[in-house]
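For the sequence shown, the numbering used here begins at 69 and goes up steadily by one.
Following: one structure in structure tokens, then a few remarks.
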Amino acid sequence: RWLLHMATAIEATTTDAAIRGELTAYFVPAAEHLRNDTGLPISSSRPN
């Protein structure tokens, strides 16, 4: 969802197609990096 909002913001604020492309090229991998992965050995929940 974050990436969808960023793409909408880019479209709303940037008229230069080259700049839109650069921003999108940055945000797509950034969004993948920020994605929560339940396979990680860390958790915010603590055992009782």
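The beta-carbon is built from N, C-alpha and C at its ideal position, and this holds for glycine as well.
Keeping to the same chain, check which residues put their C-beta closer than 6 Å to that of residue i; ignore five residues upstream and five downstream.
i, result
"E79", "none"
Rounded to a whole number of angstroms, what is the C-alpha to C-alpha distance between residue i and residue j?
i, j, result
"R130", "T82", "The structure shown does not extend to residue 130, since the chain is modelled only from 69 to 116, so the question has no answer here."
"A93", "A85", "12 Å"
"A99", "A77", "15 Å"
"A75", "N104", "20 Å"
Hey, would you say residue i sits closer than 9 Å to residue j, going by beta carbons?
i, j, result
"V96", "L72", "no"
Considering only residues of the same chain and omitting the five flanking positions on each side of residue i, which have a CB-CB separation below 8 Å?
i, result
"L102", "W70"
Near residue i, what residues of its chain come up, given a Cβ to Cβ distance below 7 Å and the 5 sequence neighbours on each side ignored?
i, result
"E90", "none"
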